[in-house]
Every structure is written in structure tokens, then in C-alpha cells.
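Positions 6 to 241 (the working numbering) are the ones given, in order, by the sequence shown.
Below is one structure, written out as C-alpha cells, with a few remarks after it.
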Amino acid sequence: RQQYDKPLQVIEGPLMGGMNVVGDLFGAGKMFLPQVIKSARVMKKAVAVLIPFMEAEKAAKLEAMLEAGEAGDVEDLNAGTFVIATVKGDVHDIGKNIVAVVLGCNNYKVIDLGVMTPVEKIIESAKEHKADIVGLSGLITPSLDEMVYVAQKFEKEGLKVPLLIGGATTSKMHTAVKIAPRYNAPVIHVLDASRSVTVVASLLDENKKEDYMDDIAEEYEELREEHYAGLEQRRP
6 RQQYDKPLQV IEGPLMGGMN VVGDLFGAGK MFLPQVIKSA RVMKKAVAVL IPFMEAEKAA
66 KLEAMLEAGE AGDVEDLNAG TFVIATVKGD VHDIGKNIVA VVLGCNNYKV IDLGVMTPVE
126 KIIESAKEHK ADIVGLSGLI TPSLDEMVYV AQKFEKEGLK VPLLIGGATT SKMHTAVKIA
186 PRYNAPVIHV LDASRSVTVV ASLLDENKKE DYMDDIAEEY EELREEHYAG LEQRRP
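Here's what the structure looks like:
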């Protein structure tokens with residue numbers, strides 16, 4: 006930790022770098038799920054060591070801003086509200102917890118619903134807290150179907166809150182083909198926790214969000230075309 010100026014840099018640098026290698030190996034079939042889970046547990050322990058340092062740093066920053074008159078109270082510093090949950094049927098929370106820590110350190114109000122979260126609770130929380138964005142996390146393969154179901158329920162409720170999708174078994178292709186078409190609002194796959202801040206900031210920036218969402222929609226449409234073209238080619 007002493008090699009970096011800020012504890013968050015340890016997470017975004019070597020720790021996420023290591024998890025990215027694990028993700029690449031898993032995607033290539035060179036590492037299996039039990040090994041991924043074991044690696045993620047090590048990551049969780051490392052983050053737990055860093056959390057007190059990050060909380061102290063954040064508290065000092067908030068105090069300095071309040072004293073300087075840059076904000077009237079802590080709520081003025083809130084960059085946006087983010088509800089996050091591991092979907093129903095899945096007890097894995099390591100990636101979700103890292104996203105929560107990273108966003109919290111960037112002044113986002115994070116409502117963490119924990120694991121095994123039914124869609125009704127996610128929708129209720131999104132409405133109650135007037136969420137700007139909702140994050141869905143999952144590690145096991147059945148979670149992919151549950152995320153599709155959540156998107157369908159969000160659409161049925163008439164919600165327009167952007168959905169972020171993340172987890173070891175998730176992918177940009179699956180998000181584009183299976184989840185995004187079920188929900189008439191932005192649905193974006195986030196490759197790893199360190200990139201969540203950039204995605205969230207882009208979605209909440211009034212000057213950039215329209216172009217950003219258009220770019221995502223165009224990219225996902227191309228992925229869908231690629232997917233279905235591949236299916237046609239494989240037909241006898």
C-alpha cells in the first residue's frame with residue numbers, strides 16, 4: 006500500500022489487474038469457476054484491509070470541502086445514487102462489494118442490497134431511493150437468466166433507470182443479445198469494477214449521456230447482428 010499515493014489506487018491498479026488476468030483465463034477456459042472464486046476471496050480480503058484507509062481519506066476530504074464552503078452538507082457532495090445487488094439465486098458478492106467501494110470513494114451514494122436479492126426488492130429499492138442507476142451482479146451461469154428476468158420486470162414496471170451488468174459469467178455479447186432487448190432503457194455490461202466509475206459518470210453527465218447511450222446502442226446492435234449472422238452460418 007505504501008507504494009501508492011491512495012488506497013483506491015491499489016484496488017484499481019494491481020488488484021484489479023490480477024482479477025483481469027483471472028477473468029481472461031476463465032474466459033479462455035484455462036481457469037475454472039472454483040479457482041475464480043478462490044481468487045476473488047483473496048481479492049475480498051485485500052480490499053477489506055484497504056477499506057479503513059479509504060474511509061478515513063474520504064472523511065478527511067469531505068471535512069475539508071465542508072470547511073472550505075464547497076458544500077453546505079454531506080448530501081451536497083452526493084454525485085448520484087447507485088443501487089446494487091447480487092441477483093436471486095446467487096450468493097457471490099465480491100465483485101459487487103468492490104464496485105460499491107470504488108463508487109463510494111467517488112462520492113456516489115451506494116445502496117447495497119446484498120446477495121440472493123429478489124427482483125421485487127431491487128425494484129422497490131430503486132423507487133424508494135430514486136436510484137440514478139441500478140447494478141446487477143452474479144457469478145454463476147443461472148444468474149444470466151435471472152438478469153434477463155430482472156430487465157423484463159423493470160420494463161413491465163415502466164422504469165427507465167439504466168442497468169449495469171457485471172460478474173464473471175456475464176459478457177457484452179450476452180448483455181446485448183439477451184438482456185438489452187428486454188428493457189427500453191440503457192443496459193450496459195461493465196467488464197470490471199475499476200471501469201464502473203467511468204460508465205456511471207458518463208450516464209449521469211447531462212452533456213455526454215445522450216451520445217454515450219447512442220454509442221452503446223449502436224455497438225450492441227452490431228453485436229446482435231454478428232450473433233444472429235453466426236447462427237445462420239451454422240445452420241445446415
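Where a beta carbon is used, it is the ideal one built from N, C-alpha and C, also for glycine.
- Taking the Cα positions, residue 187 is about 33 Å away from residue 23.
- In this structure, residue 198 sits near residue 100, with a CB-CB distance shorter than 8 Å.
- DSSP, reduced to helix, strand and coil, places residue 179 within a helical segment of the structure shown.
- According to DSSP, residue pairing for residue 88 in a beta bridge involves 116, 139.
- Spatial neighbours of residue 36 in its own chain (CB-CB distance under 6 Å, excluding positions within 5 residues in sequence) are listed in chain order as 30.
- Per DSSP, the beta-bridge partners of residue 169 are 140, 193.
- DSSP, read as helix, strand or coil, puts residue 122 in strand.
- A Cβ-Cβ distance of about 23 Å is found for the pair residue 90 and residue 55, leaving them out of contact under the 8 Å criterion.
- At a Cβ-Cβ threshold of 8 Å, residue 208 and residue 191 count as neighbours.
- Taken atom to atom, the span from the alpha-carbon of residue 94 to that of residue 7 is near 39 Å.
- Within the same chain, and ignoring the five residues on either side of residue 174 in sequence, the residues whose Cβ sits closer than 8 Å to its Cβ are 143, 144, 145, 146, 148, 149.
- Sequence-distant Cβ neighbours of residue 48 in its own chain, meaning closer than 8 Å and more than five residues away, are 20, 23, 24, 99, 103.
- Annotation for residue 39: the continuous alpha helix (DSSP H) segment containing it runs 38-72.
- Sixteen is the threshold: since fewer than 16 other Cβ atoms of the shown chains lie within 10 Å of the Cβ of residue 61, the residue is exposed.
- Contact between residue 166 and residue 134 does not hold, since the beta-carbon distance rounds to 10 Å and is not under 8 Å.
- One alpha carbon belongs to residue 161, the other to residue 155, and they sit about 10 Å apart.
- Non-local beta-carbon contacts of residue 178 in its own chain, meaning distances under 6 Å to residues more than five positions away in sequence, involve 228 in chain order.
- Within the same chain, 104, 107, 108, 140, 169, 171, 195 come within 8 Å of residue 201 by CB-CB distance, once the 5 residues on both sides are set aside.
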